[in-house]
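To start, the structure itself, in structure tokens.
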Amino acid sequence: MTKETVMAAARSQAREEAKAAAAKPLTAYRVFWLFLIAGFVGDLIEVVFWWATRGEFISRSSLLYGPFSLVWGLAAVLLTLVFRRMDDQGAVQIVLVGTVLGGAYEYICSWFQEALFGAYFWDYRHLPLNLNGRINLIFCLFWGFAALVWVRLVFPAVCALIDRVPRQTGRRAAIAAAVLLTCSTVLSAAALYRMDQRRAGVPAMGAVTRFLDETYPDSRLKDRYPNMGILDEIGW
734 MTKETVMAAA RSQAREEAKA AAAKPLTAYR VFWLFLIAGF VGDLIEVVFW WATRGEFISR
794 SSLLYGPFSL VWGLAAVLLT LVFRRMDDQG AVQIVLVGTV LGGAYEYICS WFQEALFGAY
854 FWDYRHLPLN LNGRINLIFC LFWGFAALVW VRLVFPAVCA LIDRVPRQTG RRAAIAAAVL
914 LTCSTVLSAA ALYRMDQRRA GVPAMGAVTR FLDETYPDSR LKDRYPNMGI LDEIGW
């Protein structure tokens, strides 16, 4: 048996393993690990993309602590729930649905962060065919092709990877990750909300707001979120 034959057999076995893993029930345990992996990898992709296109290493995390993108993590869950039963559909149909769904998702995320924090973390007004600076056709198409890649390649491969981890070890790691992620998310949201309050002239009242003002002033938040813009500063 030649080396090429052995490698081909191994690839075929890996594909069958991934396909079998993807067909298993979608439990909360699986969904959380998809969310966790996609959030970490998505943050890494954005950092590399920014470096490759602009020559700068900057933070693209959604959180004050840890390299994690909530937008990418939630997108992975959304793609899984919508497209899990569409793996046998044509590529064009998956891309079209992904384009519309991804655009709607990104628009809602943008609106939500602006409504809650008075800030925005991406702005497409400089790009053609944009809608209120929240989405544009280029990145909507990116969501469409990302859906195709997710359905056909990434989701099965990630499911197979999750299955290789011993269940008890995976559960312990998931619990630890959930606790850390929850704490970081709550703290990040509180710091950003307090930043919006400071800009509205709301004074610190109580130990919590004083702690947020002292520990997470505007300068520190801008260092962590270098691409963040304030709506009042641009007249939105």
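Take the sequence shown: its letters are residues 734 to 969, numbered as in the numbering used here. Where is the CB? At the ideal position from N, CA and C, for every residue including glycine. Since the structure is predicted, the reported quantities are computational estimates derived from the model, not experimental observations.
Beta-carbon proximity check, residue i vs residue j, cutoff 7 angstroms
| i | j | result |
| --- | --- | --- |
| Gly823 | Gly877 | no |
| Ser917 | Tyr798 | yes |
| Gly835 | Asp929 | no |
| Ala880 | Leu925 | no |
| Phe816 | Val764 | no |
| Ala893 | Ala771 | no |
Residue environment, residue i, which counts as buried when at least 16 other CB atoms sit within 10 Å
| i | result |
| --- | --- |
| Phe845 | exposed |
| Phe801 | buried |
| Leu860 | exposed |
| Arg818 | exposed |
| Trp784 | exposed |
| Glu966 | At Glu966 the pLDDT is 49, less than 50, meaning the model places this residue with poor confidence; the figure from the coordinates comes in the next sentence. Glu966 comes out exposed. |
| Glu749 | exposed |
| Arg905 | exposed |
Rounded C-alpha distance that separates residue i from residue j
| i | j | result |
| --- | --- | --- |
| Arg858 | Asn865 | 7 angstroms |
| Val898 | Asn863 | 43 angstroms |
| Leu913 | Ser794 | 15 angstroms |
| Val919 | Leu945 | 12 angstroms |
| Pro950 | Leu849 | 18 angstroms |
| Ala933 | Arg867 | 24 angstroms |
| Ala923 | Ala911 | 18 angstroms |
Closest by C-alpha distance to residue i, when choosing among the options
| i | options | result |
| --- | --- | --- |
| Cys873 | Leu759, Tyr840 and Phe768 | Tyr840 |
| Val804 | Tyr838, Arg943 and Ala761 | Tyr838 |
| Ile778 | Ala906, Ser792 and Phe765 | Ser792 |
| Phe768 | Val825, Val891 and Arg787 | Val891 |
| Arg957 | Phe854, Gly788 and Pro889 | Phe854 |
- Query: What residue ranges within the segment 764 to 840 form continuous alpha helix (DSSP H) runs of no fewer than 4 residues, ordered along the chain?
  - Reply: 803 to 816
- Residue ranges of each alpha helix (DSSP H) run of no fewer than 4 residues wholly in the segment 851 to 934, ordered along the chain? 870 to 882, 888 to 897 and 900 to 932
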